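Colleague:
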């Protein structure tokens with residue numbers, strides 16, 4: 003496993019931003035979906051270690067990424083953040099995740115990374131800590147913020163908080179939006195979405 007060799011390369015990654023950039027881009031080649039999502043504690047520790055190193059080297063790494071490599075870097079960053087957050091045990095273990103995306107320069111790359119991570123958790127039907135959801139919501143463009151993403155809420159209270167934020171940025175009070183909200187909430191309540199243990203935050 004990657005973790006087996008982490009101690010060997012850790013010092014190199016701390017000293018060489020090019021090596022760190024290459025490693026993260028390599029993770030951008032991985033595909034994460036429902037079929038292959040098997041996250042163990044070792045994988046989460048590995049991802050956390052890489053993200054911690056990146057947090058200290060982020061400014062340096064961002065300056066050396068070639069324009070053609072941005073997509074792989076962003077996808078690799080999203081993959082590592084996903085692995086770390088899925089296995090988080092408490093709020094302290096959520097640092098150096100979405101905040102790394104927030105530290106990227108404003109623009110298409112940051113917008114895309116935030117949206118891809120938000121959509122990935124929706125597709126995986128996994129829940130993020132509330133503070134991390136709101137952090138992603140604020141980074142995603144309003145026109146990309148679909149009603150579906152409110153289903154990341156783990157309780158009715160957080161759903162209402164997310165809904166208030168959605169209505170604020172979308173400024174859509176049309177009858178169609180009201181009907182969509184009603185239909186979504188009816189669906190979620192009918193299937194006990196907010197009481198399922200599987201969907202609760204760790």
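In the working numbering, the protein residues as written are 3 to 204. We treat Cβ as the ideally placed atom computed from N, Cα and C, and that holds for glycine. Please read all numbers here as calculations on a predicted model, not as lab measurements.
1. Check for me: the alpha helix (DSSP H) holding residue 261 runs from which residue to which?
2. Can you grab the Cα-Cα spacing for the pair residue 191 / residue 182, in whole Å?
3. So, with DSSP's three-state summary, where would you put residue 144?
4. So for residue 106, helix, strand or coil by DSSP?
5. I need the straight-line Cα distance from residue 59 to residue 156, nearest angstrom please.
6. At the level of alpha carbons, what is the spacing between residue 187 and residue 180?
7. Using only alpha-carbon positions, find the residue among 54, 195, 26, 18 that is nearest to residue 76.
8. For the alpha helix (DSSP H) that contains residue 17, what are its first and last residues?
9. Tell me whether residue 115 is buried or exposed, calling it buried when 16 or more other Cβ atoms sit within 10 Å of its Cβ.
10. Report the three-state DSSP secondary structure of residue 186 (helix, strand or coil).
11. Name the two residues that bound the continuous alpha helix (DSSP H) containing residue 159.
Modeller: Checking against the coordinates, here is how it stands:
1. As displayed, the chain neither begins before 3 nor continues past 204, which places residue 261 out of reach and without an answer.
2. In this structure, the straight-line span from the alpha carbon of residue 191 to that of residue 182 is close to 14 Å.
3. Shown here, residue 144 sits in a helix according to DSSP, grouped into three states.
4. In the three-state DSSP reduction, residue 106 falls in the coil class, being neither helix nor strand.
5. Each residue's Cα considered, the two are about 34 Å apart.
6. CA-to-CA, the gap between residue 187 and residue 180 works out to about 11 Å.
7. The shortest C-alpha to C-alpha distance from residue 76 to any of 54, 195, 26, 18 is the one to 26.
8. Per DSSP, residue 17 belongs to the alpha helix (DSSP H) from 8–17.
9. Classification for residue 115: buried.
10. The answer is helix: DSSP assigns residue 186 an H, G or I state.
11. Looking at the DSSP string, the run of the alpha helix (DSSP H) that includes residue 159 is 158–172.
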